[in-house]
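Position 197, counted from 1, in the sequence shown is what numbering that gives the first Met the number 0 calls 196; the numbers after and before it change by one each time, with no gaps.
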Amino acid sequence: MSTPVLFAVAAVLFLVGACALGYVWLRRHDGPVGPLPGGPLRRGQLHNGSGGGAGGGAGAGATLARRIGTDGVTLVELQLDGDAASRMVGVFIHAGSLYLSCDLGFVGFRAPGTTMRVIQHLVVRLKRWHRRLGLTGRLTLRIDDERFRCRAVRVTDSHQLETLKAIVATNAIAFFGAPLRDPGRRPGTIRFFQLHPESSGTAEP
0 MSTPVLFAVA AVLFLVGACA LGYVWLRRHD GPVGPLPGGP LRRGQLHNGS
50 GGGAGGGAGA GATLARRIGT DGVTLVELQL DGDAASRMVG VFIHAGSLYL
100 SCDLGFVGFR APGTTMRVIQ HLVVRLKRWH RRLGLTGRLT LRIDDERFRC
150 RAVRVTDSHQ LETLKAIVAT NAIAFFGAPL RDPGRRPGTI RFFQLHPESS
200 GTAEP
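As C-alpha cells, then:
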C-alpha cells in the first residue's frame, strides 16, 4: 500500500475515532453544548411537588415565568421523559401561557444567510424530538441552573397557531437584523406546545 493511501486511511480512521469520542462525550455531558445535543439534565434545583411555594405547581410556574420573562423567545435546555439526550429549544410567554416552539423550516428555511438555510435543511431532516414529545407529553426544562417539570400539549387551533407564528417571525427578524426571505417551494412549518408546570410530586427523570 502506497504512502499517500496509508495517510488517507489514517486520516479517515482518526476522523471516525474523533467523531465517536465526541459523540460519547456529548452523551455524557450534563446538558447540551450550544446547538449540539448533550446528555441528561442532572445539575440544578428541581422544582416540583405539591403546595404553593417555589417548589410546588403554582410556585414553580411563577418561578419559571420570571426566569423566561416577556421579552420574546428565550433559549432553555430541554430533556424529554424517557430520552437520555437534551437540547436547546426556544420558549416564550404569550397571554399568560408558556409555549415551546419546534422550528421545522418556518424560520430556518427563510433565514437571510445561505449557509444558515443549508444547515437548517439538514437539521430539519434529522429532527425527531417533536414527534417523541407528542407521544410522551412530559419534559424537564432547565434555565439558570433550575429545573422544571412540565406537561406539554400540542397547539392545533388554527387562529392560535397564526398568532404564535407571528410572534416567532417577529423575534427571528429582530435576531437576524433582516427580513425573512421567501422560502420558495419549501415553506417549512413549525410546531407549538403549550407547557403546564406540573403541580404534583413527580420523581426526577
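Backbone N, C-alpha and C define an ideal beta-carbon position, used for all residues, glycine too.
Computed from a prediction, not measured in an experiment: that's the story for all the values here.
- In this model, Leu-194 and Gly-183 are separated by some 32 Å (Cα to Cα).
- With a 10 Å radius around the Cβ and a threshold of 16 neighbouring Cβ atoms, Gln-78 comes out buried.
- In the structure shown, Thr-69 adopts coil according to DSSP, grouped into three states.
- A Cβ-Cβ contact shorter than 8 Å links Val-88 with Val-75.
- The bridge partners DSSP lists for Met-87 are Glu-76.
- Under DSSP, Gly-37 shares a beta bridge with Ser-85.
- With 16 or more other CB atoms across the displayed protein chains lying within 10 angstroms of its CB, Ser-85 is buried.
- Residue range 188–196 is occupied by the beta strand (DSSP E) that includes Arg-190.
- Residue pairing by DSSP places Ala-151 opposite Leu-194 in a beta bridge.
- Under the three-pair Cβ rule at 8 Å, the segment 122–131 counts as touching the segment 95–106.
- In the three-state reduction of the DSSP assignment, Gly-60 falls in the helix class, which pools H, G and I.
- Put simply, the backbone Cα of Thr-62 is about 12 Å away from that of Leu-140.
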